[in-house]
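Worksheet: one structure, shown below.
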Amino acid sequence: MLSHADNMKMCQTGRGTPMGEALRRFWIPVLLSE
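For the sequence shown, counting from 1, position 2 maps to 1 in numbering that gives the first Met the number 0; every step adds exactly one.
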(Lines of atoms letter the chains of each structure in order from A and count residues from 1; the text may use other names and numbers.)
(Lines give C-alpha, C1' and ligand atoms only; values in the text may rest on other atoms or scores of the structure.)
Protein backbone atom coordinates (compact mmCIF):
# COMPACT_ATOMS: atom_id res chain seq x y z
CA MET A 1 0.00 0.00 0.00
CA LEU A 2 1.25 3.49 -0.83
CA SER A 3 2.02 6.06 1.81
CA HIS A 4 0.04 9.29 1.73
CA ALA A 5 3.02 11.17 0.24
CA ASP A 6 3.54 8.56 -2.51
CA ASN A 7 -0.19 8.55 -3.29
CA MET A 8 -0.15 12.34 -3.69
CA LYS A 9 2.84 12.10 -6.08
CA MET A 10 0.99 9.56 -8.25
CA CYS A 11 -2.45 11.22 -8.26
CA GLN A 12 -1.75 14.93 -8.63
CA THR A 13 -1.20 15.75 -12.29
CA GLY A 14 -1.21 19.54 -12.26
CA ARG A 15 1.57 21.63 -13.73
CA GLY A 16 4.65 21.57 -11.51
CA THR A 17 3.89 18.21 -9.85
CA PRO A 18 6.14 15.18 -10.47
CA MET A 19 3.42 13.12 -12.24
CA GLY A 20 2.16 16.15 -14.16
CA GLU A 21 5.64 16.83 -15.52
CA ALA A 22 6.10 13.16 -16.48
CA LEU A 23 2.76 13.11 -18.33
CA ARG A 24 3.61 16.32 -20.18
CA ARG A 25 7.07 15.05 -21.12
CA PHE A 26 6.07 11.58 -22.36
CA TRP A 27 2.52 12.19 -23.68
CA ILE A 28 1.85 10.31 -26.93
CA PRO A 29 -1.55 10.97 -28.54
CA VAL A 30 -3.20 7.74 -29.66
CA LEU A 31 -6.24 8.97 -31.61
CA LEU A 32 -6.98 12.08 -33.61
CA SER A 33 -9.94 14.06 -32.31
CA GLU A 34 -11.38 14.59 -35.80
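All C-beta atoms in this analysis are idealised placements derived from N, C-alpha and C, irrespective of residue type, glycine included.
From a predicted model like this one, the values you see are computed outputs, not experimental measurements.
What residue range is occupied by the uninterrupted alpha helix (DSSP H) comprising residue i?
i: Arg23; result: Pro17 to Phe25
Which of the three DSSP states is assigned to residue i in this structure?
i: Met0; result: coil
Out of the options, which has the shortest C-alpha to C-alpha gap to residue i?
i: Ala21; options: Pro28, Val29 and Thr12; result: Thr12
i: Arg23; options: Gly15, Leu30 and Met0; result: Gly15
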